[in-house]
Amino acid sequence: MDLLLRQRRSLRSKATKLKNLIDEVPDQDSLRHIEEKLNLLSQDFEALHQELLRVAPEEEVDTIIEEHIEDTEKIWASVNKIQKKTAQGIQRNNAPTEVRLPQIDLPTFSGDPTEWFSFHDLFRATIHENPNLSNAQRLQYLKGTLRGEAAKIIRHLPITEDSYVESWDLLKRRYNNTRYIANTTVQRLLNLQGSKHGNQQLNNLLDVYNEVDKTLKALVPNQNRWELIVMNILTNNMDSDSRQAWELSLQHTDIPSLEELLRFLEVRSRALGITSRTDQGTGTKCPVCNGDHAIYRCQKFEKAGIEQRRQTVNRLNLCFNCLSPKHRSQDCKARGCHKCSKKHHTFLHSENTSLSVWNEDATILLPTAELQINKDDQLFKVRSLLDSGSQFNLISGNLAKILQLKRHKVSLSARTAAGNFTLPETVDITIDMPKFKRKIKCYVVDKLTVTLPSIRISTAEYEHLKDLQLADKKFFEPGNIDIILGMGITSELLMEGLRKGASNQPIAQKTAIGWTVSGYTKNPNGTSPGTAALYSDNGRNFVAANRYLRDVFNNHLAIENFATNKGIQWNFIPPYSPHMGGLWEAGVKSIKYHMKRVMGQTTPTLEELYTLLCKIEACLNSRPLCPLTEDPDNLEALTPGHFLIGEPLNSLPESTKANSGRLIQRYRHQQKLIRDLWKRWNQEYLATLQAKTKWKIKSDPLSVGDLVVLKDPNTPPQFWKLGRIIKTHPDNENQVRVVSIKTAGGTTKRNITRIVKLFSDNGHSF
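Numbering (the working numbering), first residue to last: 2 to 767.
Take a look at the structure:
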């Protein structure tokens, strides 16, 4: 490249000498000879320019192009000067036959399509149609007026007579797009912002309108400009695929008519309707992209990250093991992951490997320490990780930027389980601790690890860690890692001293900067907290999952041992007493509140009640809790449905249908009389036997031997069972709220609000 630059300096020297000879040579023949040499010199400049572009670095291309334009402008300025002197000599010897064009400063064009027509018209009038200029001269003027992207289109063409026509055609094919310019102009009018006050804003509105109106009149003088606005609005509201299909259907750059656009929309809508019905009739359907393939063959699903795949599987309620929507992972018989043999699909296998840390649900606590970094006699506290498996020290790019550390260029190739990567920079830092001072070199990386630990860890049971001067006093709280100390520094920090606790508890290692804590934590299930007690309202009748329950009862010994080792207590609440669960009482209350307001005094069938409950469930799970994101443009709220299926459970109202009449009216009337009889017996008779005092005042207590009626809302009153109390269960306040009852079918427990005592304590019959 240096040789080419020396050749260019030599050509510049020749051009300067020829320029100086113009004023010294008096005769016309010598001037024409100099003009020929300048033309040849221009061709040499062009050939040399092409060689420079071929070997020059990318960052120097723009500079070389600008210098070449300056050189060629100087040459053609000399040629123009020769032509002027030649014309003056001809005018002195002959009668004037033409008018010399005045000096005009041509505008530049950088590739903006909206500026093309103004540039085109002015250049065509001044240069393109000037009979006194040759095509080579026109091309030189053309290259001198182009900038940026437009200049790159014709920069490969040499300045010759034949290249001008080709260059002009290339520019017209690229930028003479009437449809694009018209759409851009209309969009400018539609994007105008309204103004509240001020004449300056109103003048701006008028100026933009006048400019748009004149531009459209020049572009489409014979077309209705209102159609352009309508077409622009329609195309802007198309989906991206339809918009692309519309542009591909236009084989020219002219402005189409509104009729063509409407015809396209009609054909497009009909085609999409047919293809959508065809797709519905196919077999396997990908739930991610709606393609005719299984989800594990979906390219979109495969290109997504591990976390995105897991979220997609959760949202679609797919099996984690085989990605099937027909069952859950606990019932799946397919083979597990090919990498770790665990019960999940290989696409869902997580290898969250950083430069030197592998974190798996925070089951392992890694040793961390707080360091003091000395920068210009100022101490900065940072959090570090002591990594005995790393061969070098690492520092986050954010910390290096905050401390304004001087960076040194290096090239280090590092290898991890995730692959190979390059560390391009290093910085020097000084660790300034009371018992350890050292200047070390760290490699700069954008991000070191995930947050360590990933969850807050309880230290209440770690008695062996008390009274220790810890290197990281907040090792149990999640926090970012700023520095990773490799094996070289970690080995120097280690000292004699080790404290161990019970099994599956972390250990403490003594170092020069304090005690570090590492090892197993008490949370084997990651982010899942331990279980203290289980409450179930299905003490007598587990209706669903019969096969699953059978497996549970067959393995009752293993469950009993597990619950004993973990300190879990299993409690059944009394049947028909959902309010005693406590945890779900608020949800039951919400459903009952809506049911009473909607149903009133009506008595629905089982199917009607089930449908109504589903609707109420959808309404309750669609309640907005808080904004979903902090984005001000996102108007979606977080609802309980997001925790169930990943999106809101919106319940749409059913259409109202006209009443079809009262069918079998007489039969229903007879049945109503029977129901009213039992209803009056329930409300008027049984209610007098035992009033519901809500435990505010003392009532006649239940005792062993009392005869009671077991109320069952799922059966008619005539089928309610009788029984005798065999045991009472007082609470902590010595109040009897649950009793054990013996019936013909066995013994059961009931809340006192679900039974009615038929006989008083004094033995007299009611």
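All C-beta atoms, glycine included, are put in the ideal place defined by N, C-alpha and C.
| request: State buried or exposed for R156, treating a residue as buried only when at least 16 other CB atoms are found within 10 Å of its CB. | output: buried
| said: For K438 and I432, I'd like the C-alpha separation in whole angstroms. | reply: 5 Å
| Alpha carbon to alpha carbon, how far is P454 from L317? | 30 Å
| So what does G520 bridge to, in DSSP terms? | L366
| At least one CB of chain C closer than 8 Å to the CB of V231: is that the case? | Included in the structure is just one protein chain, with no chain C present.
| For E68, which residues from the same chain have a beta carbon less than 7 Å from its beta carbon, with the 5 sequence-adjacent residues on both sides left out? | none
| task | Could you have a look at L107 and say whether DSSP puts it in helix, strand or coil? | result | coil
| request: Would you list, in sequence order, the uninterrupted beta strand (DSSP E) runs of no fewer than 3 residues that lie entirely inside the stretch 116-174? | output: none
| message | Less than 8 Å between the C-beta atoms of G145 and T64, yes or no? | response | no
| Given a threshold of 16 other Cβ atoms within 10 Å of its Cβ, counted over all protein chains shown, does T452 qualify as buried or as exposed? | exposed
| Since R180 is in the alpha helix (DSSP H), which residue starts that stretch and which ends it? | T179 to L191
| request: Consult DSSP for C620 and reduce its assignment to one of helix, strand or coil. | output: helix
| query | Leaving out five residues before and five after I617 in sequence, what residues of the same chain have Cβ atoms less than 6 Å from its Cβ? | reply | I592 and H595
| message | Can you tell me whether W571 is buried or exposed? The criterion is at least 16 other CB atoms within 10 Å of its CB, across all chains shown. | response | exposed
| request: Could you give the DSSP three-state label for I458: helix, strand or coil? | output: coil
| message | Taking its Cβ as the centre, do 16 or more other Cβ atoms sit within 10 Å of K290, making it buried, or is it exposed? | response | Sequence inspection shows Cys at residue 290; the Lys mentioned does not correspond to that position. Exposed, since its Cβ has fewer than 16 Cβ neighbours within 10 Å.
| request: Taking only the alpha-carbon atoms, compute the straight-line gap between R408 and N136 and give it to the nearest angstrom. | output: 55 Å
| said: I need the DSSP call for N481, collapsed to helix, strand or coil. | reply: coil
| query | Just how far apart, CA to CA, sit G1 and P714? | reply | Since the first residue of the chain shown is 2 and the last is 767, residue 1 is not available in this structure.
| message | Using only CA atoms, which one of S164, W169, G568 and E60 lies nearest to A151? | response | W169
| message | Need the endpoints of the alpha helix (DSSP H) that E303 sits in, please. | response | Q300 to K304
| Where the beta strand (DSSP E) through N752 begins and ends | G747 to N752
| task | Taking 8 Å as the cut-off, decide whether the C-beta atoms of L12 and L39 are in contact. | result | no
| So the beta strand (DSSP E) L380 belongs to, where does it begin and stop? | Q379 to L387
| request: Put T729 into one of helix, strand or coil per three-state DSSP. | output: strand
| query | Do you know how far the Cα of L645 is from the Cα of P326? | reply | 16 Å
| query | Any idea which residues DSSP pairs Y549 with across the strands? | reply | Answer is none; Y549 lacks a bridge partner.
| How many whole angstroms separate the CB atoms of K774 and S741, which I take to be in contact at a CB cut-off of 8 Å? | Beyond the ends of the chain as shown, which are 2 and 767, falls residue 774; an answer cannot be given.
| said: Would G398 and D332 be called neighbours here (beta carbons separated by less than 8 Å)? | reply: no
| Around the C-beta of W310, are 16 or more other C-beta atoms found within 10 angstroms, so that it is buried, or is it exposed? | Before going further, note that residue 310 is Arg rather than Trp in the sequence given. Counting Cβ neighbours within 10 Å, R310 comes out buried, since at least 16 surround it.
| query | Buried or exposed: where does F720 fall if 16 or more other Cβ atoms within 10 Å of its Cβ makes it buried? | reply | exposed
| task | With a cut-off of 8 Å on the beta carbons, I'd call P507 and L366 a contact; round off their distance for me. | result | 5 Å
| field | Inter-residue spacing [alpha-carbon to alpha-carbon] between P479 and H328 | value | 36 Å
| query | Which residues in the same chain have their Cβ closer than 8 Å to the Cβ of T512, if we skip the five residues on either side of it in sequence? | reply | A370, L387, A472, L494, L495 and M496
| query | Expressed to the nearest angstrom, what Euclidean distance is found between the alpha-carbon atoms of L610 and A305? | reply | 42 Å
| field | Inter-residue spacing [alpha-carbon to alpha-carbon] between E36 and K173 | value | 31 Å
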